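Colleague: Would you mind keeping the following structure in view while I ask a few things?
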Amino acid sequence: MTPRLVEREHLPYPVMLAAAWSACLLLIAAGAWLLGQAVGRLSVIIAPLAIAVLLAAMLRPVVDRIPERVPRAAAALVVVIGVLGVVIGALAAVTAQLATGMPRMRDQLATGTDAALRWLEEGPLNLTADRLEEAVAQSRAWIESHSDAVAAGAVQFGHTAVDAVAGLLICLVSLFFFLYHGEKLWEFFLRWLPRASREHVDTAFRHGWGSLGAYTRTQLTVAAINAAGVGVGALVLRVPFVIPIVVVAFLASFVPIVGTLVAGVVPTVLALVERGPAIAIAMLAIVVVVH
């Protein structure tokens, strides 16, 4: 007696469920890939806009506290000009100190290089002058053979500088409009959402905007404390380039983990070159305690 075969008009439910999940995952992966490609190609625009949003969340209370008799556009413009003035002032101070201190640092590097070469000749490695000259010749030959890569890097640096200037302009213009017409811009965006969800989205956005502003102001305070602590330590230890160290420590405080490493490496290396290993260890200890 042979069993009767039952024909199925539909696939089994587990197969259909797996197929549906697979299709959804493929669509999500494709959407994520397309979004990543778009962000990568538009990073020159997206990054300045993101920075402008953070600055607007942080500076919005400053504009709101300006008396109402002052036009909103003038208040926003004053705040933007103030931000630009702080940036230009910091760059000017850093450039001036680097220009005045670089010759001395170059002499210190030359002295340190001579001491290192003497240690290589007289130390446990017992490298002769011929071997050192051969190593220097090999280094020069490598640089000459990779001159195209060096030139390409210089061109890429030029493109990066142009992108940085363009990004700064985008950030400042966007910041002005966020501070001036931020409420109207949000209302315009809110009209594109379904009516049933507008109120809930608006409430969630305003709570999130307040939290973002509080976070940015707190992070700014933390960065200022870190920069002040590292700067005072560098000043007490007479480490060169105090102003650049303060600026680097301030900016690095906004970048988790990597920023802390950069804020510790820069002053420690400068202290090692200028003041020696003991001062470098002390500088590193100050950076660790401050952070």
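Basically this note's numbering = 1-based index in the sequence shown + 115.
Every residue, glycine too, gets a C-beta built ideally from N, C-alpha and C.
All values derive from a computational prediction rather than experimental measurement.
1. Pick helix, strand or coil for E183, following the three-state DSSP scheme.
2. For the putative contact between V354 and L385, defined by C-beta atoms under 8 angstroms, what is the C-beta separation to the nearest angstrom?
3. What does the Cβ neighbour count give for G204, buried or exposed, with the cut at 16 atoms within 10 Å?
4. Taking only beta-carbon atoms, is T383 less than 9 angstroms away from chain C?
5. Under 8 angstroms by Cβ, that's how I've got L287 and L199 pegged, so tell me the actual separation to the nearest angstrom.
6. Here's the rule: buried if 16 or more other CB atoms are within 10 angstroms of the residue's CB, otherwise exposed. What is M217?
7. Taking buried to mean at least 16 other C-beta atoms within 10 Å of its own C-beta, is V316 buried or exposed?
8. According to DSSP, is W301 helix, strand or coil?
9. Report the residue from F356, V381, F291 and L284 whose alpha carbon sits nearest the alpha carbon of A191.
10. Go ahead and pull the three-state DSSP assignment for F291.
11. Quick one: using the 10 Å Cβ neighbour count with 16 as the cut-off for buried, is L157 buried or exposed?
12. Alpha carbon to alpha carbon, how far is L141 from E122? Give it in angstroms, no decimals.
13. Helix, strand or coil for P127, going by three-state DSSP, please let me know.
14. According to DSSP, is V373 helix, strand or coil?
15. Thinking C-alpha only, which one of Q152, G391 and G346 is nearest V402?
16. Below 8 angstroms CB to CB, which residues in the same chain sit around I161 once its five sequence neighbours on both sides are set aside?
Modeller: Reading off the structure:
1. One-based indexing of the sequence shown puts residue 183 at position 68. The answer is coil: DSSP assigns E183 none of H, G, I, E or B.
2. Counting from 1 along the sequence shown, the entry for residue 354 is found at position 239. Counting from 1 along the sequence shown, the entry for residue 385 is found at position 270. Indeed they touch by this definition, with Cβ atoms about 6 angstroms apart.
3. As a working mapping, residue 204 is identified with position 89 in the sequence shown. Counting Cβ neighbours within 10 Å, G204 comes out exposed, since fewer than 16 surround it.
4. Although the question refers to chain C, the structure presented lacks it and comprises just one protein chain.
5. Your numbering for residue 287 matches position 172 in the sequence shown. Your numbering for residue 199 matches position 84 in the sequence shown. Sure, about 6 angstroms apart at Cβ, within 8 angstroms.
6. Position 102 of the sequence shown, counted from the first residue, corresponds to residue 217. Per the 10 Å Cβ criterion, exposed.
7. Stepping through the sequence shown from its first residue, residue 316 is reached at position 201. V316 is exposed by the Cβ-count criterion.
8. Position 186 of the sequence shown holds residue 301. DSSP places W301 in helix when its eight states are reduced to three.
9. Stepping through the sequence shown from its first residue, residue 191 is reached at position 76. The shortest C-alpha separation from A191 is found at F291.
10. To locate residue 291, count along the sequence shown from 1; it is residue 176. Helix.
11. If you number the sequence shown from 1, residue 157 lands on position 42. L157 should be labelled exposed.
12. The residue labelled residue 122 in the question sits at position 7 within the sequence shown. The residue labelled residue 141 in the question sits at position 26 within the sequence shown. The predicted model places E122 with a pLDDT of 47, which falls under 50 and marks its position as unreliable; any figure quoted below should be read in that light. Their Cα atoms are separated by approximately 31 angstroms.
13. Locating residue 127 in the sequence shown gives position 12, counting from the first residue. P127: coil per DSSP, three-state reduction.
14. The residue you call residue 373 lines up with position 258 of the sequence shown. Note: V373 maps to helix in three-state DSSP.
15. Stepping through the sequence shown from its first residue, residue 402 is reached at position 287. For V402, the nearest C-alpha among the options comes from G346.
16. Translated into the one-based positions of the sequence shown, residue 161 becomes position 46. These residues qualify, in order along the chain: V154.
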